[in-house]
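Engineer: Start counting the sequence shown at 10; every next residue gets the next number (the numbering used here).
Backbone N, C-alpha and C define an ideal beta-carbon position, used for all residues, glycine too.
Okay, handing you the structure first.
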Amino acid sequence: MAHAAPVPGTSRTPATKPRGTVTTHRPPEVFEPRTHAMARIVGAIALGLVYGYWAAAIRRAGGPITGWNVLFGFVCVIVFAALCIGLLRVAPRLSRGPHALAWAVFAGIAFGFLYSQTGHSVLRSIGISLAVAVATLVFDYYRYYVHQEPLGEHWAKR
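In structure tokens:
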């Protein structure tokens, strides 16, 4: 096994850290915080455009594009993007459980609304949207449990 050669003038014993300290390695910041904030807004609007187009396409069911259909699509874009931007601003301030629950509710409602446009029964739309929400909750809770600090420690560092 290959090991790095010692550098002259350094000791061979590793430096000791005080007990209880944890070193976290963060990737370097490539863009400034303003760029990240703008990317979140642009990303939410882009997702809203896709969602609005999808909802309008489902609603017209292959028929002609009408003014009401275009209006419906743009209203879906505005509502989806506004809720997504609001959630992107509020959710990181929540602890792990409510953070995951907020995204699960958003995903379940968004999917349920799209599925309800297909003409299936209300119970089937509710059942499938609940399944999507539960899957999102499990995935996000695990993700935030692994990658997010507990709420008390997060605010203590600021």
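Should TYR153 be labelled buried (16 or more other beta-carbon atoms within 10 Å of its own) or exposed?
Structural biologist: Here the question's residue 153 lines up with position 144 in the sequence shown. Buried, because 16 or more other Cβ atoms sit within 10 Å of the Cβ of TYR153.
Engineer: To the nearest angstrom, how far is it from the Cα of GLY95 to the Cα of THR75?
Structural biologist: Locating residue 95 in the sequence shown gives position 86, where the first residue counts as 1. Locating residue 75 in the sequence shown gives position 66, where the first residue counts as 1. Distance between the alpha carbons of GLY95 and THR75 is about 30 Å.
Engineer: Is it buried or exposed, HIS108, if we count other Cβ atoms within 10 angstroms and call 16 or more buried?
Structural biologist: Residue numbering aside, residue 108 sits at position 99 when the sequence shown is read from its first letter. Buried, because 16 or more other Cβ atoms sit within 10 Å of the Cβ of HIS108.
Engineer: Would you tell me roughly how many angstroms separate the C-alpha atoms of ILE67 and GLY61, rounded to the nearest one?
Structural biologist: To locate residue 67, count along the sequence shown from 1; it is residue 58. To locate residue 61, count along the sequence shown from 1; it is residue 52. Each residue's Cα considered, the two are about 10 Å apart.
Engineer: If you scan the region 63–149 from start to end, which runs of the alpha helix (DSSP H) of 4 or more residues do you find wholly inside it?
Structural biologist: 76–99, 105–125, all fully within the region 63–149.
Engineer: Here's the rule: buried if 16 or more other CB atoms are within 10 angstroms of the residue's CB, otherwise exposed. What is TRP112?
Structural biologist: The sequence position of residue 112 within the sequence shown is 103, counting from 1. By the neighbour-count rule (16 or more Cβ atoms within 10 Å), TRP112 is buried.
Engineer: So, at 8 Å on beta carbons, what are the nonlocal neighbours of CYS93 in its own chain, with the 5 sequence-adjacent residues on each side left out?
Structural biologist: Counting from 1 along the sequence shown, the entry for residue 93 is found at position 84. Correct list, in chain order: ALA53, LEU56, GLY57, PHE115.
Engineer: Compute the Euclidean distance between the alpha carbons of PHE148 and ALA142, then round it to the nearest angstrom.
Structural biologist: Within the sequence shown, the letter at position 139 stands for residue 148. Within the sequence shown, the letter at position 133 stands for residue 142. If you take the alpha carbons of PHE148 and ALA142, they lie about 10 Å apart.
Engineer: Just how far apart, CA to CA, sit ALA119 and MET47?
Structural biologist: Within the sequence shown, numbered from 1, the residue matching residue 119 stands at position 110. Within the sequence shown, numbered from 1, the residue matching residue 47 stands at position 38. Near 23 Å, if we compare the C-alpha coordinates of MET47 and ALA119.
Engineer: Between ARG49 and chain B, is the shortest Cβ-Cβ distance under 8 Å, so that the two count as touching?
Structural biologist: In summary, chain B is missing from the structure at hand, where a single protein chain is found.
Engineer: In whole angstroms, what is the alpha-carbon distance linking SER125 and GLY106?
Structural biologist: Translated into the one-based positions of the sequence shown, residue 125 becomes position 116. Translated into the one-based positions of the sequence shown, residue 106 becomes position 97. About 28 Å.
Engineer: Given LEU103, which residues of its chain have a CB within under 7 Å of its CB, disregarding the five upstream and five downstream residues?
Structural biologist: As a first step, residue 103 is located in the sequence shown; it is residue number 94 there, counting from the start. For LEU103, where only same-chain residues beyond five positions count, the Cβ hits under 7 Å are ALA111.
Engineer: Quick one: grab the DSSP three-state call for ARG35.
Structural biologist: Position 26 of the sequence shown, counted from the start, is the residue given in the question as residue 35. If DSSP states are grouped into helix, strand and coil, ARG35 belongs with coil.
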